[in-house]
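Below is one structure, written out as structure tokens, with a few remarks after it.
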Amino acid sequence: MTHESTAVGLASAYSNATAASGDWWRDAVIYQVYVRSFADSDGDGIGDLRGVRSRLPHLARLGVDAVWLTPFYASPQADGGYDVADYRAVDPLFGDLADAEDLLRAAHGLGLRVIVDVVPNHTSEQHPWFRAALAGEPRARERYLFRRGRGADGSLPPNDWESVFGGPAWTRVADGEWYLHLFAPEQPDLDWSRPEVAAEFDSVLRFWLDLGVDGFRIDVAHGMVKADGLPDIGRGAQATLIGTEPLPFFDQDGVHEIHRSWRRLLDSYEGARIGVAEAWAPSSERLALYVRPDELHQAFNFRFLNCPWDPAAMRTVIDESLAATTSVGAPTTWVLSNHDVVRHVTRYGGGAQGLARARAAAMLMLSLPGSAYLYQGEELGLPEVTALPPECRQDPAFRRVRRPTVIAPRAGDHPAPQAHAPTRPEAETAAGPQAGACREPQAATGTAPAPAPDLPTAPEADGQDGLRDGCRVPLPWAGAEPPYGFGPGGSWLPQPPEWAGLSVAAQTGDPHSTLELYRAALELRRAMPGLGAPEAGASPDPRGMHWLPSPDGVLLFTRPGFACTLNTRPEPVELPAPGRPVLSSAPVETDGRTVRLPPDSCTWWAF
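Sequential numbering from 1492 applies to the sequence shown in this note's numbering.
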């Protein structure tokens, strides 16, 4: 059998047990929209809020419960909008505040909730607070982490911390002090020990809650508090330690009081508004602290995302994740891809094998207890784009050159504050005209510009691998040629010619397509009472999930009225049929008593 024959009839046999639940977030499927790459309404090659609004029916038909929007705030776009200059304004690149309100109304009208990003660890260097700090205003400087340097003349950074994007995490300013930036120099870290910082973000959250958003995804939720004294780490390659070892700049206990105060704020609003932590922690137990009853509602489970295609590793991660969150009464979240990692089709090997594994992994994820996050385009089976020209790349991790350990310009040589970062016209050059030169030939004018003089010739910048642009290539909606309906004027990153067969239009109605597999899986997940969040009292195990014996390379578990089999082996495996097959990522052969599971496949069963 194949998946095209199952979902419609079965869904009608079940009632939707959780649709009216006030705790909608406990088993919600949330779709991440990377705004600049979702849909473009005005022809500048960059996605915008009106574009998102025009494509909301696709998400409603897909069957998700909520949409998570990446930052669309006023920003110089040094890091794709995660450098915010004004938290209460929409960047003209994406529209205006009226467009945000229209999007919220349209989404709510389709039954979709909307979660927006908030970026509290750092601001843009163009934020009024930081511009005042660079101008020497003492109170403004106290809102950031300015320190004197080490050495007799203060010419050495205050400690050995490294930026996630490579190079030192400190930059020296005109008067000789240094400021901390755990990411790009254009993203100075805030000092959350200052009451005015907390008060400002309370006001920002209320602004968007009053506008109607249903919650916040909290960027770097583990990073706002640093260890007292900012101690040295004593080793390099620190970005590789994130999420694996304790670090003095991440996952400090003090962040939890911030999240408790935000939970109280969220609970003061009607309609189950939620907070979601993007938190890297060295263990499942540490991650579970972010979702205690008086803290946030969800935290991303990056251990599942990073798990290899190995059944023992998958089972370990699933068990430890569920045990940790169950211990605090919270749901687990599951995610396979996002805007910061290589798409899982490619991570699982690429080509036909990678796609088969990605389809199977998606079905596994959607069958697990808790909430799931989908990254735009994964429902189309999009692979990572690995052949982008260097002049097209805009990820700061790629574009940042290796820096010397010491950055100590003389005070008289330091640029004025307003010239410290790219001005708005320069930022538009990076995101607009340069992007246009990187579009497909029919949309380009003239020849592509030469790479910027500081652009590495290969993605070898220290820290991250510089390949995040490859998962951010704009979506294909319809048509035989780029930009595949993304917008009327090309796309800011070039789309591969082979994506014509992967567009939404091309896959709609094809029972073998990845899009229709996702639609069927989400319909069944919503309809079958054994999926989503476990019902209270449905099983002696509060997770509502039990592992059963299975052949090597196969995972088999049950939930109430439901079973899931995952075959990770490169060849078929035969075993007793655990029930009646209702959905499979590849054709399944069964006589009702035994089943022959295809290689790299997942099958759902009803009993």
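Backbone N, C-alpha and C fix where the C-beta goes; we use that ideal spot for every residue, glycine too.
Note that the structure is a prediction, hence the values are computed from the model and not measured.
Contact defined as beta carbons within less than 8 angstroms: I believe residue i pairs with residue j. What is the distance between those atoms, to the nearest angstrom?
i            : j            : result
residue 1640 : residue 1648 : 6 angstroms
residue 1538 : residue 1528 : 5 angstroms
residue 2066 : residue 2045 : 7 angstroms
residue 1621 : residue 1686 : In fact, because the Cβ distance is near 18 angstroms, the residues do not count as touching under 8 angstroms.
residue 2069 : residue 2077 : Incorrect: roughly 17 angstroms between the Cβ atoms, too far for contact.
residue 1460 : residue 1540 : What is shown of the chain runs 1492 to 2098, which leaves residue 1460 out entirely.
residue 1582 : residue 1565 : 5 angstroms
residue 2059 : residue 1802 : 5 angstroms
Which one or two residues does DSSP pair with residue i in a beta bridge?
i            : result
residue 1829 : Paired residue(s): none; residue 1829 is not in a bridge.
residue 1613 : 1680
residue 2075 : 2094
residue 1555 : None, per the DSSP bridge assignment.
residue 1604 : 1557
residue 1595 : Its beta-bridge partners do not exist; DSSP assigns none.
residue 1670 : 1637 and 1662
residue 1709 : 1609 and 1768
residue 1521 : 1557 and 1864
residue 2050 : 2053
residue 2058 : 2045 and 2092
Taking 8 angstroms as the threshold (C-beta atoms), are residue j and residue i in contact?
i            : j            : result
residue 2057 : residue 2049 : no
residue 1659 : residue 1653 : yes
residue 2005 : residue 1834 : no
residue 1776 : residue 1791 : no
residue 2020 : residue 1534 : no
residue 1789 : residue 1767 : yes
residue 2012 : residue 1995 : no
residue 1861 : residue 1824 : yes
residue 1580 : residue 1615 : no
residue 1578 : residue 1635 : no
residue 1829 : residue 1568 : no
residue 1693 : residue 1606 : no
residue 1696 : residue 1756 : yes
residue 2022 : residue 1858 : yes
residue 1990 : residue 2009 : no
residue 2072 : residue 2087 : no
Under a Cβ-count criterion, where at least 16 other Cβ atoms within 10 Å of its own Cβ denotes burial, should residue i be classed as buried or exposed?
i            : result
residue 1514 : exposed
residue 1981 : buried
residue 1869 : buried
residue 1877 : exposed
residue 1927 : The predicted model places residue 1927 with a pLDDT of 39, which falls under 50 and marks its position as unreliable; any figure quoted below should be read in that light. Flag for residue 1927 reads buried.
residue 2003 : exposed
residue 1794 : buried
residue 1874 : buried
residue 1599 : exposed
residue 1650 : buried
residue 1662 : buried
residue 2026 : For residue 2026, the pLDDT reaches just 47, beneath the cut-off of 50, and the residue's location in the model is therefore unreliable, although a value from the coordinates is still provided. When all chains shown are included, residue 2026 counts as exposed.
residue 1822 : buried
residue 1818 : exposed
residue 2084 : exposed
residue 1719 : exposed
residue 1726 : exposed
residue 1563 : buried
residue 1759 : exposed
residue 1612 : buried
residue 1677 : buried
residue 1967 : buried
According to DSSP, simplified to helix, strand and coil, what is residue i?
i            : result
residue 2088 : strand
residue 2093 : strand
residue 1620 : helix
residue 1746 : helix
residue 1643 : coil
residue 1862 : strand
residue 2037 : strand
residue 1991 : helix
residue 1808 : helix
residue 1573 : coil
residue 1961 : helix
residue 1954 : Residue placement at residue 1954 is flagged as unreliable, the pLDDT there being 33, under the threshold of 50; the coordinate-derived value follows with that caveat. If DSSP states are grouped into helix, strand and coil, residue 1954 belongs with coil.
residue 1883 : helix
residue 2010 : helix
residue 1875 : coil
residue 1548 : helix
residue 1579 : strand
residue 1901 : Confidence at residue 1901 is low in this model, with a pLDDT of 30, below 50, so its placement is unreliable and the value that follows should be read with caution. Coil.
residue 1741 : strand
Does any heavy atom of the ligand COA sit closer than 7 angstroms to the C-beta of residue i?
i            : result
residue 2052 : For the ligand COA, the structure offers nothing, since it holds no ligand at all.
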